[in-house]
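To convert, count from 1 in the sequence shown and add 260; that's the numbering used here.
Below is one structure, written out as structure tokens; the observations come after it.
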Amino acid sequence: MQLSSIARRLAVGALVVLTAALGVAVLSQPASAHGSLTDPPSRNYGCWERWGSDFQNPNMATIDPMCWQAWQANPNTMWNWNGLYREGVAGNHQAAIPDGQLCSGGRTQNGFYASLDTVGAWTAATKPNKFTLTLTDQAQHGADYLLIYITKQGFDPATQPLTWDSLELIQRTARYAPAPQYQAQVDAGTRTGRHVIYTIWQASHLDQSYYLCSDVIFTGQGGSTGSPSPSRSTSPSPSRSASVSPSASRSVSTSPSRSTSPSAPTSQQPGGCSATYTKSSEWAGGFGANVTVTAGSAGISSWTVKWTFANGQTVTSFWNATITSSGSAVTAVNASYNGKLSAGQSTSFGFNGSWTGTNSVPTLSCTAQ
Ligand SMILES: [Cu+2]
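Okay, structure coming up:
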């Protein structure tokens, strides 16, 4: 009564062959990287947050000159603020990353993030000396650990290139189970003034390490380590939530309507699932979206989410699922590691796409086995 996984793979394989034969786009890209430090913001996340909707404003050159040079160098450094990682480092971070290249992950991905190494007075978040650090993990990879470094007192990141020797390791955290955000309580000691927080996020889904520079100005005053900490910050930067805008969200459940009978069935049947689509960002010509998949009242072993774009949107890259398109019809099938969900459990996948004119939110259907 239940499609075996072999049969299912054959079915998916047949679909791929069929769609390839029809000459429609079949995108295949491995799970890519999705997350960054969002409070205090990493350099590219901060530049994206402050200027993403106004990145051609020439006033940026005087208001926020380090962001300006980064946007001029390559806007994709900001659009892909969540992708600053290397793979296969095996924990040897200092060997992989030369001095002066710490903020670009050692010029990872052919120097895609090189502008973040530029020495200067990056816009900095004002923080008390005890503060909460927040890393946003859009793809919910989990964390083996975070390594949190802060520059030594006396080092001036506005005039000196960042080196390993300029940093002090403050904290190595424990493991974090996959979640949208991870937090750590950080104590900067007696530091004052401008500093760089250098965070290494070791993701758990594979050997993927993120290298994140955040600029801060310490007040020298102790904050509370409790949560929520009293806001003693005199930060001029808007303390915005790092989470993605829920501006557009729609959900539909196609869970087979299960009996509300209190008598439990003796054999577990495959459950249904529901899917919710959220636009996470949008810019001229492009956008990002996340889809959360939630199992119904029973566990499932795999899921498929389908939708049809109404305005000619196309998927250009994706993660945590395999997405195929045939014209405007899109099919997303779970990755090998996130198909199995227990009752009520959620996972998510995401993609970047292109659009023109209108970018309406599609209606989703979700089926599970
Ligand atoms: Cu990722």
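Don't be surprised by glycine CBs; every beta carbon is placed ideally from N, CA and C.
Computed from a prediction, not measured in an experiment: that's the story for all the values here.
By the DSSP assignment, the alpha helix (DSSP H) with residue i in it spans what residues?
| i | result |
| --- | --- |
| Tyr-442 | Unbroken run through Tyr-442 is the beta strand (DSSP E), 441-447; no alpha helix (DSSP H). |
| Trp-331 | 325-333 |
| Cys-473 | Note, Cys-473: premise wrong, no alpha helix (DSSP H); beta strand (DSSP E) at 468-478. |
| Gly-306 | 303-311 |
| Thr-368 | 368-371 |
| Ile-401 | Checking the sequence shown, residue 401 turns out to be His, not Ile. Counting along the chain, His-401 falls outside any alpha helix (DSSP H), and DSSP gives it neither H nor E. |
| Thr-618 | Where Thr-618 is concerned, there is no enclosing alpha helix (DSSP H), given that its DSSP letter is neither H nor E. |
| Asn-317 | Where Asn-317 is concerned, there is no enclosing alpha helix (DSSP H), given that its DSSP letter is neither H nor E. |
| Thr-337 | 336-339 |
Who does residue i pair with in a DSSP beta bridge?
| i | result |
| --- | --- |
| Tyr-597 | Tyr-597 is not bridged to any residue. |
| Lys-539 | Ala-549 |
| Ala-385 | Val-476 |
| Ser-426 | Bridge partners of Ser-426: none, in fact. |
| Arg-346 | Ser-469 |
| Ile-410 | Glu-428, Ile-457 |
| Ile-357 | DSSP output for Ile-357 lists no bridge partner at all. |
| Val-575 | Gly-613 |
| Val-590 | Trp-567, Ser-585 |
| Ala-631 | Lying before the first or after the last residue shown, residue 631 is absent from the chain, which here runs from 261 to 629. |
| Thr-554 | Ser-534, Ser-606 |
Looking at the secondary structure, which residues open and close the beta strand (DSSP E) in which residue i lies?
| i | result |
| --- | --- |
| Arg-454 | 453-463 |
| Asn-612 | 606-614 |
| Trp-563 | 563-568 |
| Gly-295 | 295-299 |
| Ala-581 | 581-586 |
| Ala-628 | 625-628 |
| Thr-394 | 390-397 |
I'd like the list of long-range same chain contacts for residue i, defined as Cβ closer than 7 Å, with 5 residues on each side in sequence excluded.
| i | result |
| --- | --- |
| Asn-342 | Ala-293, His-294, Gly-295, Ser-296, Gln-398 |
| Thr-411 | Pro-417, Ser-426, Leu-427, His-455, Val-456 |
| Pro-622 | Tyr-537, Trp-567, Thr-568, Phe-569, Ala-570 |
| Thr-433 | Tyr-405, Leu-406, Ala-444 |
| Asn-580 | Ala-291, Ala-399, Ala-595, Asn-598, Ser-608, Phe-609, Gly-610 |
| Asn-619 | Glu-542, Phe-547, Asn-571, Gln-573 |
| Gly-617 | Asn-571 |
| Ala-437 | Gly-402 |
| Gly-349 | The amino acid occupying residue 349 in the given sequence is Val; Gly does not appear at that position. Within the same chain, Val-349 has close Cβ partners Ala-356, Asp-467, Ser-469. |
Please check the pair residue i and residue j, which I expect to be a contact at CB under 8 Å, by giving their CB distance rounded to whole angstroms.
| i | j | result |
| --- | --- | --- |
| Phe-611 | Phe-578 | 4 Å |
| Ile-408 | Thr-452 | About 18 Å separates the two Cβ atoms, so there is no contact after all. |
| Trp-461 | Ala-403 | 6 Å |
| Leu-601 | Gly-559 | 6 Å |
| Thr-300 | Val-575 | Note that residue 300 is Pro in the sequence shown here, rather than Thr. In fact, because the Cβ distance is near 32 Å, the residues do not count as touching under 8 Å. |
| Gly-360 | Pro-325 | So it is not a contact: roughly 20 Å between Cβ atoms. |
| Pro-388 | Thr-298 | Contact flag wrong, Cβ pair sits at about 18 Å. |
| Val-549 | Gly-613 | The identity of residue 549 in the sequence shown is Ala, whereas the question assumes Val. 7 Å between Cβ atoms; contact. |
| Leu-395 | Gln-441 | 7 Å |
Identify, in the order they occur along the chain, each residue of the same chain with its Cβ nearer than 8 Å to the Cβ of residue i, setting aside the five sequence neighbours on each side.
| i | result |
| --- | --- |
| Tyr-373 | Asn-304, Thr-337, Leu-344, Cys-363, Ser-364, Gly-365, Arg-367 |
| Ala-330 | Arg-303, Asn-304, Cys-307, Thr-337, Met-338, Ser-375, Leu-376, Thr-378 |
| Gly-486 | Summary for Gly-486: the model assigns pLDDT 36, below 50, so the residue's position carries little reliability, and this model does not support an answer. |
| His-353 | Leu-407, Ile-460, Ser-469, Tyr-471 |
| Ser-603 | According to the sequence as given, residue 603 is Ala; it is not Ser. Gly-531, Ala-555, Gly-556, Ser-557, Ala-558, Gly-559. |
| Gly-227 | This structure does not reach residue 227, given that the chain is present from 261 up to 629, and the question cannot be answered. |
Could you pull out every residue in the same chain whose Cβ sits closer than 6 Å to the Cβ of residue i, ignoring the five residues on either side in sequence?
| i | result |
| --- | --- |
| Ser-606 | Thr-552, Thr-554 |
| Thr-591 | Lys-566, Thr-584 |
| His-465 | His-401 |
| Leu-321 | The residue you asked about is not Leu; residue 321 is Ala in the sequence shown. Here the set comprises Trp-328. |
| Ser-588 | Thr-568, Phe-569 |
| Gln-468 | Tyr-345, Glu-347 |
| Asp-447 | Lys-390 |
| Thr-582 | Val-593 |
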